[in-house]
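The structure appears right after this line, and notes come after that.
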Amino acid sequence: MGKNTEQEEEFLLNHSQNSTKGGLKTIPFIIVNESCERLASFGLQPNMIIYITKFYNINAAHASVLINLWSAVSNVLSILGAFISDSYIGRFRAVAIGTISSLIGMLVLWLTTIFPQLRPLPCGQYQHDCNGTTAAQLAAILCSFGLISIGAGFVRPCSIALGADQLGNKENLDNERLLDSYFSWFYASVGVSIVLAVTVIVYIQDHFGWQVGFGVPALLMVLSVSVFLVGSPHYIKAKPEGSLFTGLFQVAVAAFRKRHINVQLNYNDDSYYKAPESKLLEPSTDFRCLNRACIIEDPNMELKPDGKASDPWSLCSVEQVKIMKCFLTVLPMWSTCIMLLVSFSQPLSIYQLLTVDRHITPRFEIPAGSFGMITVLSLTIWMAFYDRALVPLLSRYTGLPTGISPFSRMGIGLFLGIVATVLSAITETIRRNKAMNAGFEDDPNAVLNMSSMWFVPQLALYGVAEALNVVGQIEFIYSLFPKTMSSFAAALYTFGLALSNLISSLLVSVVDNITSARCNTSWLATNINRGHLDYYCWLMTFLCVINFLYFLAVCRFTDKQKHDGRSSLFPEAEEEHSENKFFHGV
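Residues in the sequence shown are numbered from 1415 upward in steps of one, following the working numbering.
Pasting the structure below:
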């Protein structure tokens, strides 16, 4: 009796302590932390290629490869950071580590602008006598990139979840109602931060120099760390509960360990390991080789007395196998968006904008690095217009709550991406011809009598294409998975960004090496007037057309699966999404 009383007192004490933590008072600390990180890191990217080529004597093609690899590492680490957070260290520690890592990385980058020893000597007037970058100098800037990537990898996927933890107390109805508002405010703050990054921070770099331009992001990270740590005593610090990604690896390992099992044999329901209260009695016949992971060979060895698996790396549940199969099912359609993302990362685009007239008024000139705002604005405006105006209109004719099917949205997005690359090729051809006719072949810094507004249509189309294709991708993936696994869509998109960065780096490197062979001028030369960036844009157009044909083939295969009754591997997913008839209207 006394023991039970002590346990009740301990529970009430802990519950009382937890009830004083979290809530709305912690949200400003988390949002300010995330906003400062986004503002600082996104403010570095637009002009980074100029800094690297100018102060590290690296040609534009190699600098483009380096920046794409940096972006790829940041995106991959976002997935890895989420995995480590969920499985081992928890979200609070992950955000704390990430914020401090970003701060150190930006301080190192800022120091490269202050100490000349951290940079090679500048090139001569015509860049014929450039000094190479030493290993120590290259290590300094790569170290800063690495630390910033580690910071982004921990902060970005974990901040929003940490905030949700503060409002996740279901006993508090106010917190439950505030959760929806929190997500809206969080994403709004991210959007505002990105807008300020590509406008204000880029403007500071252009007009006040690199020391101030890189010093401001470093100060923002000091503010980010300070604000986050000040709120530390008030946070609910949830313990790690394991990651969904772990289950994918466990299925692969368990299936490999049991590769001797003949999956062609008929097994009864009791031969499969199932989670408690599971609706799934046996695995599907798709990807049958994975069924080995959930087959019980020896119940005495593989099951504990309570019925749980003794070794999750040797025996997985039917549900885990289903998740793995669903993941493999969406990969073909997911892969169709990668080339579109590759086409977005146009190398040397900032050099194009530096050679044209960017004046809005006689006294105000748009920074070249701020033109990415056009894509962001067109994406935002289109999504609002589509949701509020087009969806109600289209729904009357298609009967779909989303207006048109995800396949249609993805296809239109890919087609608009092709149109955007065609426009970019035509615009660059016009720009280069003007430069050659004006005698600026050897003067890449000369400003042409050509308005920067020529570049607006292609940038706006990229935004609309991304809005259509990416949202369609997420809808398609969400329609296959139950709501409890909806985070998979965001994870796959992040991984797609990483893969597109890697492919873009590889493509730029291959094109540069091939076209510069035998002492020829590279298509992607730093002097874009001598290079042929227009040829590269036509190459991207060709690849996007091939990708569009691949998309049509995947649609045909996916539509066949639908008619075969395999549109979703999860019965509960069909029930949850039955009101969203995503597969109609293909």
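We put the CB at the ideal spot given by N, CA and C, even for glycine. Everything numeric in this text was worked out from a predicted model, so none of it was measured.
The beta strand (DSSP E) runs of length 3 or more contained entirely in the region 1747-1801 do not exist; there are none. A contact is defined here as three or more CB-CB pairs under 8 Å, and the region 1626-1646 meets this definition with respect to the region 1438-1452. Between the alpha carbons of residue 1774 and residue 1481 lies a distance of about 29 Å.
Classified as buried, residue 1519 has 16 or more neighbouring CB atoms from the shown chains inside 10 Å of its CB. Counting along the chain, residue 1450 sits inside the alpha helix (DSSP H) bounded by residues 1441-1469. Only residues of its own chain outside the window of five on either side were considered, and among them 1489, 1492, 1493 have a CB closer than 7 Å to the CB of residue 1908, listed in chain order. DSSP, read as helix, strand or coil, puts residue 1939 in coil. In this structure, DSSP gives residue 1566 a helical state, which the three-state scheme calls helix. Looking from the CA of residue 1681, the closest CA among 1551, 1754, 1913, 1706 belongs to 1706. In the three-state reduction of the DSSP assignment, residue 1819 falls in the coil class. Sixteen is the threshold: when 16 or more other Cβ atoms of the shown chains lie within 10 Å of the Cβ of residue 1495, as they do, the residue is buried. Apart from sequence neighbours up to five positions away, the residues of its chain that approach residue 1667 with a beta-carbon distance below 6 Å are 1727, ordered along the chain. Its chain contains 1782, 1785, 1866, 1869 as the residues whose beta carbon lies nearer than 7 Å to that of residue 1767, once the 5 sequence neighbours on both sides are disregarded; these appear in chain order. By the Cβ rule, the region 1919-1930 does not count as touching the region 1721-1740, because fewer than three pairs are nearer than 8 Å. For residue 1507, the uninterrupted alpha helix (DSSP H) run begins and ends at 1505-1528, by DSSP. In the DSSP annotation of this structure, residue 1932 is not part of any alpha helix (DSSP H), being labelled neither H nor E. A direct Cα-Cα distance of roughly 15 Å separates residue 1685 from residue 1702. Contact between the region 1730-1742 and the region 1940-1955 is absent, with fewer than three C-beta pairs closer than 8 Å.
With the rule of 3 Cβ pairs closer than 8 Å, the region 1655-1665 does not count as touching the region 1458-1477. Between residue 1837 and residue 1861, the alpha-carbon positions lie close to 21 Å from each other. A residue is called buried when at least 16 other Cβ atoms come within 10 angstroms of its Cβ; residue 1505 meets this threshold and is buried. For residue 1528, the CB contacts under 8 Å within the same chain, skipping 5 residues up- and downstream, are 1625 in chain order. When DSSP states are grouped into helix, strand and coil, residue 1717 belongs to the strand group. With a cutoff of 8 Å on beta-carbon distance, residue 1797 and residue 1881 are scored as near each other. Between the alpha carbons of residue 1809 and residue 1606 lies a gap of roughly 31 Å. Among the bridge pairs identified by DSSP, residue 1844 is matched with none. In the DSSP assignment, residue 1624 falls within the unbroken alpha helix (DSSP H) covering 1616-1644. A straight-line Cα-Cα distance of about 20 Å links residue 1756 and residue 1794. Of the other Cβ atoms in all chains shown, fewer than 16 fall within 10 Å of the Cβ of residue 1960; this residue is therefore exposed. Sequence-distant partners of residue 1604 (beyond 5 residues in either direction) whose C-beta falls short of 6 Å from its own C-beta, in its chain, are 1452. The continuous alpha helix (DSSP H) containing residue 1809 extends over residues 1805-1812. Exclusion of the five residues before and after residue 1913 leaves 1752 as the residues of its chain whose Cβ lies within less than 7 Å of its Cβ. One thing to note: residue 1436 has its Cβ no nearer than 8 Å to the Cβ of residue 1617.
With contacts defined by Cβ atoms closer than 8 Å, residue 1657 and residue 1500 form a contacting pair.
Secondary structure of residue 1731 (DSSP, three-state): coil.
In the structure shown, residue 1709 adopts extended strand secondary structure according to DSSP, grouped into three states.
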